[in-house]
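Engineer: Let me give you the structure first, and then I'll get to my questions.
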Amino acid sequence: MVRTVTSFGRSGTFDWLYQRVTAVVLIAYTFFIVGFIFLSDDFGYESWSALFAQPWVRIFSLVALLSTVVHAWIGLWSVVTDYITNRMMGGKATVLRLIVEVLLAAVAVIYVVWGVEILWGV
Amino acid sequence: MLKVSIYRYNPETDKAPYMRDYELDTEGKDLMVLDVLELLKAEDPTLAFRRSCREGVCGSDGMNISGRNGLACTTPLSEAAPKGKLVLRPLPGLPVIRDLVVDMEQFYEQYKKIEPYLQNDTPAPAIERLQSPEDREKLDGLYECILCACCSTACPSFWWNPDKFIGPAGLLQAYRFLADSRDEATDERLSNLDDPFSVFRCHGIQNCVNVCPKGLNPTRAIGHIRNMLLTRAV
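From first to last, the protein sequence lines are chains A and B.
Using the UniProt record's numbering, you'd call the opening residue of the first sequence number 1 and step up by one each time.
Using the UniProt record's numbering, you'd call the opening residue of the second sequence number 1 and step up by one each time.
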């Protein structure tokens, strides 16, 4: 049993399941947005703002944004803990890994706050 | 003439590892790679490698043969050197002790972690713990592992985290005891595996399945463990 505090859910099973669930949400959202762009007859500012005026589209967009953040955290955390390890770099890996993780977390928070402001700002 | 290039390193005399070239007359015979090594060692006694049973049972002579992990004793030249050039290196990722001999400590540490023995607190019956033929069948494809380490040392996840990721060999054995009807420690075993490293560093690339000299499938076993963890958690 390996103890970790920076993984998303602290349990591998939980992280694995969230990675899959968020992937499904992101696939659905991608099809929805791309489909709307290519299938609407008069795609432009009018139809785009009418689409995002509907509350369910805003909520779906927010869910997709949160899914992106969770998916990215689990994925990038795996990458960081694969390549920035104390085994390979010694003690400085801890500092470097923590810096990268804090940066990732900051980007995640900014994206969520900014996303909410965009979705409900217009 | 067969051309053989072998990774050589003696930490007591060499500053760095190097590849040494040999030539060998195989007299047109399709020798096993281990035979080639034995013939070369007769000429050059400084060459170090592990071997024991010479028939794919003991798992001592796992090495990287022309870019692919395998057992020297069961890999014929027709497979390893179809163009007459054989390249031998130690198993990748593990510390080299000398030439083709690697330090297996990290590999065994992971094996130890999964507690590879039956755990059963029920008083033993007079003769033996019986198992139905169906339950016994569940162990097929699991118990045959000889711990040669070809799979784990072919796995990038094991290269990056040999101290945290159990690796395909250890996980195949973990499932061997999870699947055993006579073992009662299933829940404790699963609890010990439910972290982001032990099982979940497996991303299913199947290098392990590709190289296993016994034709076993660790990726499938890992999938079974993941399903057991999920079933327990949701």
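Backbone N, C-alpha and C define an ideal beta-carbon position, used for all residues, glycine too.
Does the distance from the C-beta atom of G12/A to that of P162/B stay below 9 Å?
Structural biologist: no
Engineer: Strictly under 9 Å for the Cβ-Cβ distance: is V96/B near chain A by that measure?
Structural biologist: For V96/B, the answer is no, since every Cβ of chain A falls outside 9 Å of its Cβ.
Engineer: With the cut-off set at 9 Å, would you say L88/B and L100/B are in Cβ contact?
Structural biologist: The answer is yes: Cβ separation under 9 Å.
Engineer: Rounded to the nearest angstrom, how far is the Cβ of M228/B from that of L171/B, given a contact under 8 Å?
Structural biologist: The Cβ separation is near 12 Å, so there is no contact.
Engineer: Leaving out five residues on either side along the sequence, give the residues of the same chain with a beta carbon under 6 Å from the beta carbon of V100/A.
Structural biologist: Taken in chain order, the residues that qualify are V80.
Engineer: Where L29/A and L39/A are concerned, what is the direct C-alpha to C-alpha distance, given to the nearest angstrom?
Structural biologist: Reading off the sequence shown, one finds Tyr at residue 29/A, where the question assumed Leu. Going from the Cα of Y29/A to the Cα of L39/A covers about 15 Å.
Engineer: Mind checking which residues open and close the alpha helix (DSSP H) that includes residue 235/B?
Structural biologist: With chain B covering 1 to 234 only, the question about residue 235/B has no answer from this structure.
Engineer: Taking the C-alpha atoms as reference points, what is the distance between G70/B and E115/B?
Structural biologist: 26 Å
Engineer: With a floor of 4 residues, list each alpha helix (DSSP H) that falls wholly inside the segment 4-61 of chain A, ordered by position along the chain.
Structural biologist: 12-39, 45-53
Engineer: Report yes if the C-beta of D187/B is less than 8 Å from at least one heavy atom of the ligand MG; otherwise report no.
Structural biologist: Of the ligands one can find in the structure shown there are none, so the ligand MG has no counterpart to examine.
Engineer: Interface residues of chain A around F200/B at Cβ under 7 Å?
Structural biologist: The contacting residues are G12, D15, W16.
Engineer: Across the segment 8-15 of chain B and the segment 89-98 of chain B, are there enough close Cβ pairs to call them in contact, namely three or more that are closer than 8 Å?
Structural biologist: The segment 89-98 of chain B and the segment 8-15 of chain B touch, with three or more beta-carbon pairs separated by less than 8 Å.
Engineer: Could you list which residues in chain B have their beta carbon closer than 8 Å to that of Y83/A, in chain order?
Structural biologist: W160
Engineer: Taking Cβ positions only, does F197/B come closer than 9 Å to chain A?
Structural biologist: yes
Engineer: Against chain B, with Cβ distances strictly below 9 Å, would V2/A count as a contact?
Structural biologist: So, interface residue.
Engineer: In chain order, which beta strand (DSSP E) runs of at least 3 residues are fully inside the segment 161-199 of chain B?
Structural biologist: none
Engineer: Check the Cβ-Cβ distances between D163/B and every residue of chain A, and say whether any is below 9 Å.
Structural biologist: yes
Engineer: Which of the residues in the segment 76-105 of chain A, read from start to end, lie with their CB under 9 Å from any CB of chain B?
Structural biologist: W77, S78, T81, D82, Y83, T85, R87, M88
Engineer: What residues from the segment 38-71 of chain A come within 9 Å of chain B, judged by C-beta to C-beta, listed N to C?
Structural biologist: Residues of the segment 38-71 of chain A with a C-beta atom less than 9 Å from some C-beta of chain B do not occur.
Engineer: With 9 Å as the threshold, decide whether the Cβ of V4/B is near any Cβ in chain A.
Structural biologist: no
Engineer: Shortest alpha-carbon distance to A80/B belongs to which of L2/B, R51/B, Y111/B?
Structural biologist: L2/B
Engineer: Classify N207/B as buried or exposed, calling it buried when 16 or more other Cβ atoms lie within 10 Å of its own Cβ.
Structural biologist: So N207/B ends up on the buried side.
Engineer: Skipping 5 residues on each side, what residues in its chain have a beta carbon closer than 7 Å to that of D183/B?
Structural biologist: L118, Q119, N120, F177
Engineer: Mind the definition here: the segment 189-205 of chain B touches the segment 149-167 of chain B only if three or more C-beta pairs lie below 8 Å; say whether that holds.
Structural biologist: A contact between stretches requires three or more CB pairs, one per stretch, nearer than 8 Å, and the segment 189-205 of chain B meets this requirement with the segment 149-167 of chain B.
Engineer: Can you check whether the CB of M32/B is closer than 9 Å to the CB of C73/B?
Structural biologist: Inclusion of C73/B and M32/B in the CB contact set at 9 Å is warranted, their separation being smaller than that value.
Engineer: Could you compute how far the alpha carbon of C202/B sits from the alpha carbon of I222/B?
Structural biologist: 8 Å
Engineer: Measuring straight from C-alpha to C-alpha, what distance separates L130/B and D180/B?
Structural biologist: 12 Å
Engineer: Smallest Cα separation from D61/B: which of M104/B, C148/B, E23/B?
Structural biologist: C148/B
Engineer: Does any residue of chain A have a CB that is nearer than 9 Å to the CB of A221/B?
Structural biologist: no
Engineer: Can you name, in chain order, every residue of its own chain whose Cβ lies under 6 Å from the Cβ of V67/A, other than the five neighbours on each side?
Structural biologist: Reading the sequence as shown, one finds Ser at residue 67/A and not Val. The residues are T22, V25, L26.
Engineer: Go to M63/B, then tell me how far its beta strand (DSSP E) extends in each direction, as first and last residue.
Structural biologist: 62-65
Engineer: R226/B versus chain A: which residues are under 8 Å apart at the beta carbon?
Structural biologist: T13, W16
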